[in-house]
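Protein chains: 2
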Amino acid sequence: MTVRELNSWTEIREELHRRINDRIWQPGETIPGEADLAEEFGCARTTVSRALRALAEAGLVTRRRKAGTRVAVNPPHKATFTIPIIREEVEARGAAYSHSLLKRVEAGLPPQLHAAFPVGEGARLLFTETVYFADDRPFMFEERYTNLDAVPEFGTIAFDLITPNEWLVQNAPYTSGDLTCYAANAGERLSRFFEVAQETPLFVMERATANQKVPITHVRMSYQPGYRLRTRF
Amino acid sequence: MTVRELNSWTEIREELHRRINDRIWQPGETIPGEADLAEEFGCARTTVSRALRALAEAGLVTRRRKAGTRVAVNPPHKATFTIPIIREEVEARGAAYSHSLLKRVEAGLPPQLHAAFPVGEGARLLFTETVYFADDRPFMFEERYTNLDAVPEFGTIAFDLITPNEWLVQNAPYTSGDLTCYAANAGERLSRFFEVAQETPLFVMERATANQKVPITHVRMSYQPGYRLRTRF
DNA sequence: TAGTGGTCTAGACCACGGA
DNA sequence: CCGTGGTCTAGACCACTAC
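As you go down the protein sequences, you meet chains A and B in turn. Residue numbers for the first sequence follow my numbering, beginning at 1 and rising by one. Residue numbers for the second sequence follow my numbering, beginning at 234 and rising by one.
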């Protein structure tokens, strides 16, 4: 059997992927080192390294110095969601986009949010409430606390043309964050907005962002009934 | 001002990240080419390339040949969820794990799943229903259709020690998939399992996997009331 | 301590795609 | 066309860590 020379890292990645899928290398087994594979494929070690790094990022193999590269036993299911800008998401559905600022007031942080959004006691927070529409029907309901000590300019914006979210995305960079998804009943207030029963289940996302440990904003987004967050992998 | 020489790709990534955060390079602006940056930092172009690739994967910049590298205007919010093995998730909470197979029958695919799980008409499907417990309290309820034409051996397994999911993870590799999250009411059946009102909102995930376009399995996972899917970025 | 992956270099060629 | 990013090479040194 003649081994075809593979010299592109994507080809090598696919070949290694195939060997794992076909159980040529068993789960938990240590596969040959970079140098050996490079020799087999007739390419530089760097190229093999690139392919193996891609497989490691995908979770198919685990790599450790000295111990070598092993086929993952339980390849973790990883899924990357791209949280779209609401405006783009609505327009992608072919609907007309609009939004409306319902509330804008300096307020204290509800106690239950202290863990998720650790601002100090004396922090100045602006609370905003925004509804996003698709074809004049409510699409998403947003409740947001923003740290004015971190982004003072946020307090001076009229959110008629731009949304709080869009302004923050463009003007308040963040370095880390936390995202949570859960299900909740619409309840009294949201049931009126979405014109459904109070017991209607809604998909809710909460996101907190921070810049170098300085809390920027915390937002709860309640989506219209039937909303689905979807991704392929 | 003396420019400190940066010769590690992570240092360079951080420096470029800082310049973007500090608006030294405006959103939408084209930043210097790899060769220029390499000269500035006193390192090889490969190293700058590595740093820029990382920023591109994070969505902070967009890169195109000839056009160069631009600072992203609306950095997309990306979040990677790691869908854990239920056994590990339960044990990570310090609870005792167990599971129970409730049902196991060859069945046809419900019409509403045809879009998400495109098996042919004559496909042999095994339907399994499994409850996962944490400390003897129901944690997750799983309804699964598995394509026996793709993984015949699946039909011969007694799922007392291993769960359908674990068996598939270890024995049926997949190359692509689709993940959907939404909120749903418990309804009659699940309300009895979780011992809650029928109107209780539950967090639901549906996952379909395929190997080279051959559908493998479709699973709906309904989590206990109050469950939250969480990730940091 | 020795073996393995991780990284950096200097140079080269190539592929894409804007002008 | 031709500039830019994408990739490959051969070699070197380093960092981590299992043994």
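Ideal Cβ placement from N, Cα and C applies to all residues, glycine included. Quick caveat: nothing in here was measured; it's all calculated off a predicted structure.
Taking 8 Å as the cut-off between beta carbons, none of the residues of the segment 334 to 358 of chain B comes near chain A. The contact set of B:P308 on chain A, defined by CB atoms closer than 7 Å, consists of V169 in chain order.
Under the rule that a run must span 3 or more residues, the beta strand (DSSP E) segments found entirely inside the segment 312 to 375 of chain B read 330 to 339, 358 to 367. Nearest to A:F233 by alpha-carbon distance, out of A:P76, A:W9, A:R13, A:N7, is A:P76. Any Cβ of chain B closer than 8 Å to the Cβ of A:E188 would place that residue at the interface, and such an atom is absent. The beta-carbon of A:S98 is placed no less than 8 Å from the nearest beta-carbon of chain B. Restricting attention to B:E321, B:P260, B:I318, B:A325, the CA atom closest to the CA of B:V294 is found in B:P260. Under the three-state reduction of DSSP output, A:N74 falls in the coil class, being neither helix nor strand. Assigned with DSSP and collapsed to three states, B:I253 falls in helix. The beta carbon of A:F159 is closer than 6 Å to those of L101 in its chain, skipping five residues each way along the sequence. For A:A96, the closest C-alpha among the options A:P201, A:K103, A:I86 is that of A:I86.
In the three-state reduction of the DSSP assignment, B:R286 falls in the helix class.
Within the segment 259 to 291 of chain B, P260 place their CB atoms closer than 7 Å to a CB of chain A, listed in sequence order.
Approximately 7 Å separates the beta-carbon atoms of A:E29 and A:R70; this is inside 8 Å, confirming the contact. Contact annotation, A:N7 with A:T46: C-beta distance approximately 11 Å; criterion of less than 8 Å not satisfied. Residue environment: A:T82 is assigned as exposed (fewer than 16 neighbouring CB atoms within 10 Å of its CB, all protein chains considered). Scanning chain B for C-beta atoms nearer than 9 Å to the C-beta of A:Y227 yields Y415, A416, reported in chain order. The residues A210, N211, Q212, in chain order, have a CB closer than 8 Å to that of A:T175 in the same chain once the five nearest residues on each side in sequence are set aside. Not one beta carbon of chain A lies nearer than 8 Å to the beta carbon of B:K446. Residues of the same chain with a CB within less than 6 Å of the CB of B:M454, apart from the 5 flanking positions on each side, are M373, E375, M438 in chain order.
Here the alpha carbons of B:R337 and B:E362 stand approximately 7 Å from one another. Assigned with DSSP and collapsed to three states, B:D393 falls in coil, not helix or strand. B:W242 is positioned such that its CB atom lies no closer than 8 Å to that of B:R297.
With a threshold of 16 other beta carbon atoms within 10 Å, B:P385 falls short and is exposed. In the three-state DSSP reduction, A:D149 falls in the coil class, being neither helix nor strand. Per DSSP, reduced to three states, the secondary structure at B:V429 is coil, with no helix or strand assignment. Legend: CB atoms of the segment 77 to 91 of chain A lying less than 9 Å from CB atoms of chain B belong to residues H77, K78, A79, T80, F81, T82, I83, P84, I85, E88. Taking 8 Å as the threshold, the shortest C-beta distance from A:L16 to chain B does not fall below it.
When rounded, the separation of the alpha-carbon atoms in A:G68 and B:A287 is 24 Å.
The distance from the Cβ of B:L394 to that of B:T379 is about 18 Å, inconsistent with a contact at the 8 Å cut-off. For B:A271, the uninterrupted alpha helix (DSSP H) segment begins and ends at 267 to 274. For B:N404, the secondary structure class from DSSP, reduced to helix, strand or coil, is helix. Counting every other CB atom within 10 Å of its CB across the protein chains shown gives B:P434 a total of 16 or more, marking it as buried. At a Cβ-Cβ threshold of 8 Å, B:R422 and B:P397 do not count as neighbours.
The Cβ-Cβ distance between B:F350 and B:P458 does not fall below 8 Å.
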